[in-house]
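In our numbering, the protein residues as written are 1 to 304. Some notes on the structure that comes next.
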Amino acid sequence: MPNDIFELAVNVSANDTLDFYLSCNPFHHFFTVFYIPIVIVVGLIGNALSCFVLLTTHLKMRSSSYYLAALSVSDFVFLLTLLAPYWSYNDIINIFNQEGFCQFFIYLGAVTSFISVWLIVAFTTERFIAVRYPLRRQYMCTVSRAQMIIAGITVAGLVSQVPMLWMAKVLIDNDDKPLCEMEPTINWLLANFLNWLDTILTFVIPLTSLLIMNSMIGKILFNSRRLAATDDERIKFHHASSQSSDSTRLSDFDSTASRKHVKFEDYPIRCNRHPRSSQNQSQQNINTMLFIISSVFIILNFPR
């Protein structure tokens, strides 16, 4: 979805003939004039708040929080790159169609899109390890490891999108206006190869990985919840039976104690409780939340 919005914003800023089209299509006019700024403003506020909460509260002790914080920063920067073509299209600040800024914004948008996609794959992989191999979670899913993976993804994004810097050019249209577009005279075979490579790296591999891991995580979570429900019913039944048995024993003990003048406090009663571990419940909530995030990503990016 981020790539779709970015491409739309670029095309809107670069195509003068779109004015006539928009005048004939109110929906597209609403989409380009109102929808994009609403998405940008809401996204900037939401991502800023998410990053602040994840890194300044007790949540910063969890490795998953660093993935989510990095994802918030990446999405925040991506949304900022949408402002340039939007401002240019609406004649607010025509910075997008200037040499240097054109390449910078297209490159930065591509880098943040790459980083966001692979961050989702990274924390989904971590959750898969935590769910599938819970005993290894405390050794493999650490904050330091998360920071190293985030740094690696960032470097990979910066390097892999370098071709965008020389593929983006400021061209002159028929009305002698500068337009930021992809270089049309570039070698066709090279452009086609780079396009397929980008599609594989940012769509095919991530989407396939997420589909496989999410299917397995969903199955494990479903089975664990069903098992937990069965355990709760068993515990309740055992507790009820235990209470009935204890009542009978206490009644017998009461009659014996009264005859022997023995006080109840001399014989402490042992209660067997089975509270659900709060730590396990917290991990379940984290797994469910991250499962939902990656599932939403799959739905929004699935071929339509």
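Positions of the beta carbon are idealized from the N, C-alpha and C atoms, including for glycine.
The criterion of a C-beta distance shorter than 7 Å is not satisfied by Ser74 and Thr124.
Under the criterion of beta carbons closer than 8 Å, Ala48 and Phe76 qualify as touching, at roughly 6 Å. No Cβ-Cβ contact shorter than 7 Å links Leu59 with Ser50.
Straight through space, the alpha carbons of Leu207 and Trp118 are spaced by roughly 10 Å. About 27 Å separates the CB atoms of Ser294 and Ile106; that is not less than 8 Å, and the two are not in contact.
Nearest neighbour of Met61 by Cα position, chosen from Val41, Arg145, Gly100 and Asn223, turns out to be Arg145. Cβ atoms of Val143 and Ser63 come within 8 Å of each other, at about 5 Å. For the pair of segments examined, the region 149 to 164 was found not to touch the region 89 to 96: the number of CB pairs separated by less than 8 Å stays below three.
Residue pairing by DSSP puts Ala168 in a beta bridge opposite Met182.
Burial check for Tyr67: the Cβ neighbour count within 10 Å reaches 16 or more, so the residue is buried. Between Ala69 and Leu55, the C-beta spacing is below 7 Å. Excluding its 5 nearest sequence neighbours in each direction, Trp87 has C-beta neighbours in its own chain below 6 Å: Ile93, listed in chain order. Distance from the CA atom of Glu183 to the CA atom of Met167, rounded to whole angstroms, is 5 Å. Look at Val162 here: in three-state DSSP terms it is coil, with no helix or strand label. If you draw a straight line from the Cα of Val131 to the Cα of Phe203, it is about 25 Å long. Distance from the CA of Ile150 to the CA of Val296, rounded to the nearest whole angstrom, comes to 21 Å. Between the alpha carbons of Gln284 and Leu221 lies a distance of about 8 Å. Residues of the same chain with a CB within less than 6 Å of the CB of Met164, apart from the 5 flanking positions on each side, are Ile106, Tyr107 and Ala110 in chain order. Across the set Ile292, Leu179 and Arg137, the C-alpha of Leu179 shows the shortest separation from the C-alpha of Tyr89. The Cβ atoms of Ile40 and Leu71 do not sit closer than 7 Å to each other. Distance from Asn287 to Ile217 at the Cβ level is roughly 7 Å; contact confirmed, criterion being Cβ atoms closer than 8 Å.
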